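Peer 1:
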Amino acid sequence: MLNKTKKRTDVGEVHNALSLNTEITGNIVTQDDIRFDGSIKGDIHSEKKIVIGDRAVIEGNIRCSNLDSLGQITGDVVCQEKIILRANSRFKGNISTKSIEIEPGALFDGTCQMHE
């Protein structure tokens, strides 16, 4: 009998990615996981997980189910499940989420509203 294990989506493991040298002005809407390593001036909406890479710069609002940030975000975030601000990440804005984790070394300048 085969034993199936549930595969976890790690920070580096997503189906869609925007590379380091990519610059976008405008909004992005997707129903899948997405990773940003470049810069964007605009809003991002994903039905699933968003990963912000360590050299990414985001200026805009974010809506998603989960957010894992290693980079810089300026804007408001509405997250249905969990936000992780990794060490050395920078966040300026307001957060609405069910769960938040802020690692030592991360900077958070704003407000956080927790919901069920």
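Just so we're aligned, residue 1380 is where the sequence shown starts under this note's numbering, counting upward by one.
Don't be surprised by glycine CBs; every beta carbon is placed ideally from N, CA and C.
In this text the structure is predicted, and so the values were computed from the model without any measurement.
1. Between leucine 1399 and the rest of its own chain, which residues show a CB-CB distance below 7 angstroms, the 5 nearest in sequence each way excluded?
2. Indicate whether isoleucine 1431 and glycine 1421 have their beta-carbon atoms separated by less than 8 angstroms.
3. Tell me which same chain residues have a C-beta within less than 7 angstroms of the C-beta of glutamate 1482, skipping the five on either side of it?
4. Would you kindly work out how many angstroms separate the C-alpha atoms of leucine 1486 and glycine 1454, rounded to a whole number?
5. Where does the unbroken beta strand (DSSP E) through alanine 1396 begin, and where does it stop?
6. In the DSSP output, which residue or residues are listed as bridge partners for serine 1478?
7. Going by DSSP in three states, glutamine 1492 sits in which element: helix, strand or coil?
8. Determine the direct distance from the alpha carbon of lysine 1461 to that of serine 1468, and round the result to whole angstroms.
9. Let's see if you can read the secondary structure: which residues bound the beta strand (DSSP E) around glutamate 1402?
Peer 2: Working from what's here:
1. For this step, residue 1399 is matched to residue 20 along the sequence shown. Excluding sequence neighbours, leucine 1399 sits near Asp1416, Gly1417, Arg1434.
2. Taking the first residue of the sequence shown as 1, we reach residue 1431 at position 52. Taking the first residue of the sequence shown as 1, we reach residue 1421 at position 42. Taking 8 angstroms as the Cβ cut-off, isoleucine 1431 and glycine 1421 do not qualify as a contacting pair.
3. As a first step, residue 1482 must be located in the sequence shown, where it is residue number 103. Here the set comprises Leu1464, Arg1465, Ala1466.
4. In the sequence shown, residue 1486 corresponds to position 107, counting from 1. In the sequence shown, residue 1454 corresponds to position 75, counting from 1. Each residue's alpha carbon lies about 14 angstroms from the other.
5. Taking the sequence shown and counting its residues from 1, one reaches residue 1396 at position 17. That run of the beta strand (DSSP E) goes 1395-1397.
6. Numbered from 1 along the sequence shown, position 99 holds the residue referred to as residue 1478. BP columns for serine 1478 point to Lys1461.
7. Along the sequence shown, one-based indexing puts residue 1492 at 113. Annotated three-state conformation of glutamine 1492 is strand, per DSSP.
8. Along the sequence shown, one-based indexing puts residue 1468 at 89. Along the sequence shown, one-based indexing puts residue 1461 at 82. Roughly 16 angstroms between the two C-alpha positions.
9. Indexing the sequence shown from 1 puts residue 1402 at position 23. Note, glutamate 1402: beta strand (DSSP E), 1402-1404.
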